[in-house]
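S.K.: Input: one structure, supplied below.
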Amino acid sequence: MPPSDLERIAAIDDPYLLLRTATERLNAAQQEVTELARLRRRVIQELHAQGMSYAQIAQAAGLTRGRIHQIRHTGPAPEGAFLGTGTITLATPLKREATNARPVVAMEDVAAAKRLEDLARGFGLSMELEHVPLGGEIDLNRPNLIVICGPKLSPVMGALYETDPVLEWVKDGTWTLRDNRTDTIYRSGSDSDPARPIDYAYLGRLPRPDGKGNVLVFTGIHPQGTLGVVQLITTEIAALWGQAGDGRFSTVVGVEYDPQTGEPVTAELASPLYRHEDT
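In structure tokens form, the structure reads like this:
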């Protein structure tokens, strides 16, 4: 019988290697416990939604009704899996500063990343931040990846968006979003005449190029739209999870924002949420 992880780690002679290995294994174990707790709570909610009482669930699972009640109200909420599981990587784009061509991060992307990180932490998830470099090259073939970036700054992301069977980015003087199902064009209010404090954004989960998973992606036509998506996810993540789960989907988010601060006032779905398995 092969040795357990505990036995293998305990047998390490180098105390520093043992310390590092034990710490890494403990972190992995804690993430596993978190995801198992989330999975239990999710199954109970799904069974109850199908019409089973908590007493029936308890009896079928060989647990007490009190234990089922405890599981239902403790541990991370299932909808946190809309963002991913374990440790999430969030990538935001670098942009070239107009005055001296230095690479910079837009303040709106910094704010979006911070708000998503706070949300993830509330679901027992951790988040690592990175940047899409100038030129737009990014490795999309990684698990639990969220990318805030549009086709303008990254050809790699542009190719990813082209896999969407319903929505597409269109460059016609200005960037717009087009719903091929309804033939609706979504144009930012700041690109209209007269200008209005309204923006639109793309939100979706698309297939990784290697076909071994998905990538959660979003971005506004302008930065105000990006902040609007974050507000929508923060306030409506349970509804989004209920509609999309962890499958592939896309939708257009409409955002009304304060023209002075750029902060979203309202954010809601402007198009249907298209589950790609149904298209």
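Here the working numbering is used: the first residue of the sequence shown is 3, the next is one more, and so on. Where is the CB? At the ideal position from N, CA and C, for every residue including glycine.
#1: Does DSSP put N29 in a helix, in a strand, or in coil?
#2: To which residues of the same chain is I90 closer than 8 Å at the C-beta, ignoring the five residues directly before and after it?
#3: State the start and end residues of the unbroken beta strand (DSSP E) segment that holds M129.
#4: Go ahead and pull the three-state DSSP assignment for S192.
#5: What separation, rounded to the nearest whole angstrom, lies between the Cα atoms of I223 and G230?
#6: Rounding to the nearest angstrom, what Cα-Cα distance links L20 and N29 in this structure?
#7: Under three-state DSSP, which class holds R198?
#8: On the criterion of 16 or more Cβ atoms from any shown chain inside 10 Å, does E81 qualify as buried, or is it exposed?
#9: Rounded to a whole number of angstroms, what is the C-alpha to C-alpha distance between T221 and V106?
#10: Per DSSP, I59 is paired with what?
#11: Per DSSP, which residues does N216 bridge with? Please list them.
#12: Around the C-beta of P17, are 16 or more other C-beta atoms found within 10 angstroms, so that it is buried, or is it exposed?
#13: Given a cut-off of 9 Å on the beta-carbon distance, is the pair Q226 and D201 in contact?
#14: Between the alpha carbons of S6 and R22, how many angstroms are there, rounded?
#15: Would you call the region 238-249 and the region 163-181 in contact, with 3 or more CB pairs under 8 Å?
#16: Who pairs with P95 in a beta bridge, going by DSSP?
#17: Using the Cα positions of Y259 and Q47, report the straight-line distance between them to the nearest angstrom.
#18: When you compare each of R210, S156, T263 to N143 by their alpha carbons, which one comes out closest?
#19: What is the DSSP secondary structure of R180, reduced to helix, strand or coil?
#20: DSSP state of R123, grouped into three classes?
#21: Cα separation between L8 and Q33?
#22: May I ask you to report which of helix, strand or coil DSSP gives V257?
#23: In chain order, what residues of the same chain have a beta carbon less than 7 Å from the beta carbon of R67, not counting five sequence neighbours either side?
#24: Starting from I223, follow the beta strand (DSSP E) in both directions and report where the run begins and ends.
#25: From the DSSP output, in three-state form, read off K154 for me.
#26: For Y276, list the residues DSSP reports as bridge partners.
#27: If you run the structure through DSSP and keep just helix, strand and coil, what is V232?
#28: What does a CB cutoff of less than 7 Å around P157 pick up in its chain, not counting 5 residues either side in sequence?
#29: Could you give the distance in angstroms between the alpha-carbon of G53 and the alpha-carbon of A113?
M.R.: In short:
#1: N29 falls in the helix class under three-state DSSP.
#2: Once the five neighbours on either side are set aside, the close Cβ partners of I90 are A122, L127, S128, M129, E130, N146, L147, I148.
#3: Taken as a continuous stretch (DSSP letters only), the beta strand (DSSP E) holding M129 covers 128-134.
#4: Look at S192 here: in three-state DSSP terms it is helix.
#5: Whole-angstrom Cα-Cα distance: 11 Å.
#6: Each residue's Cα considered, the two are about 14 Å apart.
#7: The answer is coil: DSSP assigns R198 none of H, G, I, E or B.
#8: E81 should be labelled buried.
#9: Their Cα atoms are separated by approximately 17 Å.
#10: Here I59 is not bridged, per DSSP, to any residue.
#11: P209.
#12: Here P17 is exposed, its C-beta having fewer than 16 other C-beta atoms within 10 Å.
#13: For Q226 and D201, yes; Cβs fall inside 9 Å.
#14: Cα to Cα, S6 sits roughly 17 Å from R22.
#15: No, the region 238-249 does not touch the region 163-181.
#16: Looking at the DSSP assignment, P95 forms a beta bridge with V134.
#17: Just so you know, the alpha carbons of Y259 and Q47 end up roughly 35 Å apart.
#18: For N143, the closest of R210, S156, T263 by C-alpha to C-alpha distance is R210.
#19: Strand, per DSSP.
#20: Helix at R123.
#21: If you take the alpha carbons of L8 and Q33, they lie about 17 Å apart.
#22: In the three-state reduction of the DSSP assignment, V257 falls in the strand class, which pools E and B.
#23: Only Y56, A57, A60 meet the Cβ criterion.
#24: For I223, there is no enclosing beta strand (DSSP E), as DSSP gives it neither H nor E.
#25: DSSP places K154 in coil when its eight states are reduced to three.
#26: Y276 is bridged to S252.
#27: It is helical.
#28: Close CB contacts of P157 within its chain, under the 7 Å cut and outside five residues either way in sequence, are with G138 (chain order).
#29: Answer to the nearest angstrom: the Cα atoms are 41 Å apart.
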